[in-house]
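J.:
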Amino acid sequence: MKKSIIVEDLTKKFGDFTAVDSISFEVYQGEIFGFLGANGAGKTTAIRMLTGLSKPSSGKAMVAGYDVITQREKVKKHIGYMSQKFSLYEDLTVRENIVLYGGIYGLKNKMIKLKSEQMLEELQLKEVSKTLVHSLPLGWKQKLAFSVAVMHEPDIVFLDEPTGGVDPITRRQFWEMIYQAANQGVTVFVTTHYMDEAEYCNRVSIMVDGYIAALDSPGSMKASFNVKSMNDVFLQLVRPEKTAS
Amino acid sequence: MDASKSIVIKQLSKSYDKHVLALDQVGFEVEKGELFGLIGPDGAGKTSLIRILCSLLKPDSGMATLEGWDVVKDYRKIRSNIGYMPGRFSLYQDLSVEENLRFFATIFGTSIQSNYDLIKDIYIQIEPFKKRKAGKLSGGMKQKLALSCALIHRPKVLLLDEPTTGVDAVSRQEFWEMLKQLKEKGITILVSTPYMDEASMCERVALIDNGKILDIASPQQIIDKFDKHLLAVKSEKTYQLINDLRQFENTHSAFPFGEFVHLASKQAIAENDLTEYLQKRGHKDVIIHTIGADIEDCFMDLMTLDR
């Protein structure tokens with residue numbers, strides 16, 4: 018199977034503090050890969066290195082076939098990214114956001130037009146295409162942000178807590194969009210605090226204090242920890258002293 | 061007025077810019093010493109309601125009282141008798157842990173010493189870092205400091221606006237354990253959260269969506285009211301399974317829940333019929349079992365009815 022992400026001994030130090038401590042893993046093309054961990058475990062630092070935003074202290078990583086240290090700009094061109102905190106411009110309209118991102122990703126005008134119509138149709142946002150993003154419900158925003166993040170047909174899309182605070186129905190509709198993208202061969206790299214969403218991933222890794230404490234399919238992970246849910250796996254790994262009894 | 065009630069809310073409405081109805085005739089009561097959850101997604105109206113309750117926002121119509129005080133007329137009384145923890149980090153980033161706590165104690169006219177017993181269990185966990193600036197604390201520690209500061213004047217009512225949002229599963233569980241201990245000390249606690257699974261930590265909950273209360277009851281009562289049949293279904297192709305289940309004739313709704321898909325139907329579905337249907341559509345290793353609803357199933361069902 019083709020590999021979308023190859024990480025070897027990737028490390029990031031800030032002064033004396035090692036935020037990411039020699040992590041290694043691989044992600045296959047079309048895979049939904051869950052990247053979990055407690056607050057402060059090093060997830061965000063790792064994602065910043067994989068997306069070419071932060072330079073590793075040591076180790077290496079290939080993303081979409083490009084080196085995150087020597088080919089940072091190539092990496093950025095071949096990935097999509099969305100986060101809970103920022104993904105769209107609030108004071109631009111729905112259509113303006115699509116056109117702006119299409120331009121940033123270097124799509125031709127004709128293509129941007131075609132894609133805009135397609136996206137507005139699929140997301141049922143035609144009637145609000147001239148509405149400022151600011152006044153859309155959060156769930157719509159997040160669905161639009163995801164579509165924008167994959168409009169240049171990247172090999173990989175990084176999703177950083179895409180569903181935080183989203184209502185339970187929209188949260189599931191969002192995951193159906195993820196499934197659909199993965200079915201079409203896009204690799205999905207996703208972080209979440211919802212442990213039920215960990216179960217939707219093909220494989221998950223769990224980071225603790227800068228290193229990867231476990232990496233497997235949710236089913237195998239539950240079996241090896243002999244627990245019923247990913248929540249219990251998470252608790253055992255992150256706070257072993259509390260769950261030992 | 062019924063003196064046993066800590067919070068009374070009647071027909072409360074609030075709109076912004078004339079168009080956005082944030083709260084639509086909301087009404088409920090919270091008992092003294094109750095741990096009450098306000099559960100709903102972003103944009104449901106949770107923050108507007110809490111800000112009205114702590115007198116920071118005026119309602120357009122309706123009324124609310126806390127411990128008998130009106131949130132508009134008696135705002136001074138309200139402010140000195142409640143503890144409020146807003147959604148965003150509310151402390152002074154460049155004061156130390158200890159300085160923040162002392163500051164809040166002083167403006168409420170009290171001292172750390174006189175109420176230390178109330179916050180001891182929480183504060184002791186961050187005391188080793190008392191000289192550190194609040195801005196340099198980890199997320200979990202900030203949360204503990206903010207809770208200590210909200211409690212330092214021994215409030216009768218504690219209003220917490222999404223204290224666990226963006227917090228990992230372990231820290232969320234620890235936070236709820238702290239709230240249960242505070243409840244034992246007789247404080248009324250109203251806490252909002254977008255995480256449906258946290259409903260089970262509350263004695264009663266109000267489910268809120270689009271500015272309207274969908275239901276108010278104990279988590280168990282809400283689950284008991286769920287009037288559909290529910291099956292948990294699994295096959296090795298989840299995405300296709302969801303689509304195929306939606307086309308099954310008796311299906312009311314089909315949504316992924318972890319490794320299973322929950323299939324809700326108005327009439328009971330025979331497991332054999334469903335297995336046969338799925339096998340015809342190429343699914344292997346089909347697992348089906350009957351399950352009870354959880355709060356999230358109920359919320360989604362009520363939400364669909366309301367919208």
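Going down the list, the protein sequences come from chains A and B.
Its first residue numbered 18, the first sequence is counted upward by one per residue in the numbering used here.
Its first residue numbered 61, the second sequence is counted upward by one per residue in the numbering used here.
Ideal placement from N, C-alpha and C gives every residue a C-beta, glycine not left out.
Note that this is a predicted model, so its numbers are computed, not measured.
1. Are residue 182 of chain B and residue 207 of chain B touching if we call contact CB-CB under 8 Å?
2. Using the C-alpha atoms, what's the distance from residue 93 of chain A back to residue 231 of chain B?
3. What residues in its chain sit with their C-beta under 7 Å from that of residue 60 of chain A, if we drop five residues either side in the sequence?
4. With three or more beta-carbon pairs closer than 8 Å as the criterion, would you say the segment 83-90 of chain A touches the segment 254-266 of chain B?
5. Compare the C-beta of residue 261 of chain A with all C-beta atoms of chain B and state if any pair is closer than 8 Å.
6. Is there a Cβ from chain A that is less than 8 Å from the Cβ of residue 227 of chain B?
7. Determine the direct distance from the alpha carbon of residue 315 of chain B to that of residue 289 of chain B, and round the result to whole angstroms.
8. Apart from the five residues on each side of it in sequence, which residues of its chain come closer than 8 Å, Cβ to Cβ, to residue 190 of chain A?
9. Let me know the alpha helix (DSSP H) ranges lying completely inside the segment 170-214 of chain B, each 4 residues or longer, listed in chain order.
10. With C-beta atoms as the reference, is residue 172 of chain A less than 8 Å away from residue 21 of chain A?
11. On the three-state DSSP scale, how would you describe residue 163 of chain B?
12. Quick one: what's got a C-beta closer than 6 Å to residue 261 of chain A's C-beta in the same chain, skipping five residues either side?
13. Which stretch, first to last residue, makes up the alpha helix (DSSP H) that contains residue 240 of chain B?
14. Provide the residue span of the alpha helix (DSSP H) that contains residue 119 of chain A, from first to last.
15. Inspect the CB distances between the segment 237-251 of chain B and the segment 154-166 of chain B and report whether three or more fall short of 8 Å.
16. How about residue 176 of chain A: is its C-beta nearer than 8 Å to some C-beta of chain B?
17. Give the residues of chain A in contact with residue 256 of chain B, contact being defined as C-beta atoms less than 9 Å apart.
18. Indicate, with yes or no, if the ligand GTP has a heavy atom lying under 7 Å from the CB of residue 361 of chain B.
19. In chain A, which residues lie with their C-beta within 8 Å of the C-beta of residue 22 of chain B?
20. Cutting at 8 Å between CB atoms, please list the residues of its own chain near residue 191 of chain B, excluding the five before and the five after it.
21. Looking at residue 106 of chain A: is its Cβ nearer than 8 Å to the Cβ of residue 117 of chain A?
22. With a threshold of 8 Å between beta carbons, is residue 248 of chain A in contact with chain B?
23. Taking residue 56 of chain A as the query, report the chain B residues whose CB atoms sit under 7 Å from its CB, ordered along the chain.
24. Rounded to the nearest angstrom, what separates residue 84 of chain A and residue 198 of chain A at their Cα positions?
25. Going by alpha carbons, who is nearest to residue 180 of chain A out of A:153, A:147 and A:102?
26. Please work out which residues of its chain come closer than 6 Å, Cβ to Cβ, to residue 230 of chain A, disregarding the five sequence neighbours upstream and downstream, and give them in chain order.
27. Does the beta carbon of residue 316 of chain B come closer than 8 Å to any beta carbon on chain A?
28. Which residues mark the beginning and the end of the beta strand (DSSP E) in which residue 71 of chain B is found?
29. Leaving out five residues before and five after residue 222 of chain B in sequence, what residues of the same chain have Cβ atoms less than 8 Å from its Cβ?
30. Identify whether residue 184 of chain A lies in helix, strand or coil by the three-state DSSP scheme.
31. Would you mind stating whether residue 81 of chain B and residue 122 of chain B have Cβ atoms separated by less than 8 Å?
32. Can you name, in chain order, every residue of its own chain whose Cβ lies under 7 Å from the Cβ of residue 88 of chain B, other than the five neighbours on each side?
33. Mapping DSSP to helix, strand and coil, what is residue 262 of chain A?
34. What residue does the beta strand (DSSP E) around residue 95 of chain B start on, and which one ends it?
T.: Per the coordinate set shown:
1. On the second sequence, residue 182 of chain B is found 122 positions in, with the first residue counted as 1. On the second sequence, residue 207 of chain B is found 147 positions in, with the first residue counted as 1. Cβ atoms of residue 182 of chain B and residue 207 of chain B: closer than 8 Å.
2. Stepping through the second sequence from its first residue, residue 231 of chain B is reached at position 171. Stepping through the first sequence from its first residue, residue 93 of chain A is reached at position 76. Each residue's alpha carbon lies about 33 Å from the other.
3. What you label residue 60 of chain A is simply residue 43 of the first sequence in a count that begins at 1. If we look at residue 60 of chain A and ignore the five residues flanking it on each side, its Cβ neighbours are 52, 54, 208 and 224.
4. no
5. In the first sequence, counting from the first residue as 1, residue 261 of chain A sits at position 244. Unreliable placement is indicated for residue 261 of chain A, whose pLDDT of 45 sits below 50; the coordinate value is still reported in the next sentence. No - not a single Cβ of chain B is within 8 Å of the one on residue 261 of chain A.
6. Translated into the one-based positions of the second sequence, residue 227 of chain B becomes position 167. Yes, because at least one Cβ of chain A sits closer than 8 Å to the Cβ of residue 227 of chain B.
7. Here residue 289 of chain B is taken as the residue at index 229 of the second sequence, counted from 1. Here residue 315 of chain B is taken as the residue at index 255 of the second sequence, counted from 1. Taking the straight line joining both Cα atoms gives about 14 Å.
8. As a working note, residue 190 of chain A is residue 173 in the first sequence. Beyond the five residues adjoining it in sequence on each side, residue 190 of chain A comes within less than 8 Å, by CB distance, of 156 and 160 in the same chain, given in chain order.
9. 176-183 and 199-211
10. Within the first sequence, residue 172 of chain A is the residue found at index 155, counting from 1. Within the first sequence, residue 21 of chain A is the residue found at index 4, counting from 1. Against a cut-off of 8 Å, the Cβ pair of residue 21 of chain A and residue 172 of chain A comes out as a contact.
11. Sequence index remark: in the second sequence, residue 163 of chain B carries index 103 (1-based). Three-state result, residue 163 of chain B: helix.
12. Your numbering for residue 261 of chain A matches position 244 in the first sequence. For residue 261 of chain A, the predicted model reports a pLDDT of 45, less than 50, meaning its position is unreliable and no value from the coordinates is stated.
13. Translated into the one-based positions of the second sequence, residue 240 of chain B becomes position 180. Here the alpha helix (DSSP H) through residue 240 of chain B covers 229-244.
14. Walking along the first sequence from the start, residue 119 of chain A turns up at place 102. In the DSSP assignment, residue 119 of chain A falls within the unbroken alpha helix (DSSP H) covering 111-121.
15. Judged by Cβ distances under 8 Å, the segment 237-251 of chain B makes no contact with the segment 154-166 of chain B, as fewer than three pairs qualify.
16. Residue mapping note: residue 176 of chain A aligns to position 159 of the first sequence, counting from 1. Chain B contact via Cβ: absent.
17. Looking up residue 256 of chain B in the second sequence gives position 196. 185, listed in chain order.
18. You won't find the ligand GTP in this model; it holds no ligand whatsoever.
19. No answer is possible for residue 22 of chain B: it lies beyond the span of chain B, which begins at 61 and ends at 367.
20. Within the second sequence, the letter at position 131 stands for residue 191 of chain B. Cβ neighbours of residue 191 of chain B beyond the five flanking positions: 156, 157 and 158.
21. Looking up residue 106 of chain A in the first sequence gives position 89. Looking up residue 117 of chain A in the first sequence gives position 100. Contact flag set, yes.
22. Numbered from its first residue, the first sequence carries residue 248 of chain A at position 231. So yes, residue 248 of chain A belongs to the interface.
23. By one-based count along the first sequence, residue 56 of chain A stands at place 39. 198, 199, 200, 227, 228 and 231, listed in chain order.
24. What you label residue 84 of chain A is simply residue 67 of the first sequence in a count that begins at 1. What you label residue 198 of chain A is simply residue 181 of the first sequence in a count that begins at 1. Residue 84 of chain A and residue 198 of chain A have their C-alpha atoms spaced approximately 24 Å apart.
25. Stepping through the first sequence from its first residue, residue 180 of chain A is reached at position 163. Checked all of A:153, A:147 and A:102; the closest Cα to residue 180 of chain A is A:102.
26. In the first sequence, counting from the first residue as 1, residue 230 of chain A sits at position 213. Result list for residue 230 of chain A: 223 and 254, in chain order.
27. Reading the second sequence from its first residue, position 256 is the one you call residue 316 of chain B. Output row for residue 316 of chain B: interface = yes.
28. Position 11 of the second sequence, counted from the first residue, corresponds to residue 71 of chain B. First-last of the beta strand (DSSP E) with residue 71 of chain B: 65-76.
29. The residue given as residue 222 of chain B occupies position 162 in the second sequence. For residue 222 of chain B, where only same-chain residues beyond five positions count, the Cβ hits under 8 Å are 106, 107, 147, 252, 253 and 254.
30. Locating residue 184 of chain A in the first sequence gives position 167, where the first residue counts as 1. Coil, per DSSP.
31. The count along the second sequence starts at 1 and reaches residue 81 of chain B at position 21. The count along the second sequence starts at 1 and reaches residue 122 of chain B at position 62. Cβ distance not < 8 Å, so residue 81 of chain B and residue 122 of chain B don't count as in contact.
32. For the purposes of this step, residue 88 of chain B is identified with residue 28 of the second sequence, where counting begins at 1. The residues are 69, 266, 273 and 276.
33. Taking the first sequence and counting its residues from 1, one reaches residue 262 of chain A at position 245. Any reading at residue 262 of chain A is ruled out, since the residue's pLDDT is 40, under 50, leaving its predicted position unreliable.
34. Counted from its first residue, the second sequence places residue 95 of chain B at position 35. Note, residue 95 of chain B: beta strand (DSSP E), 95-99.
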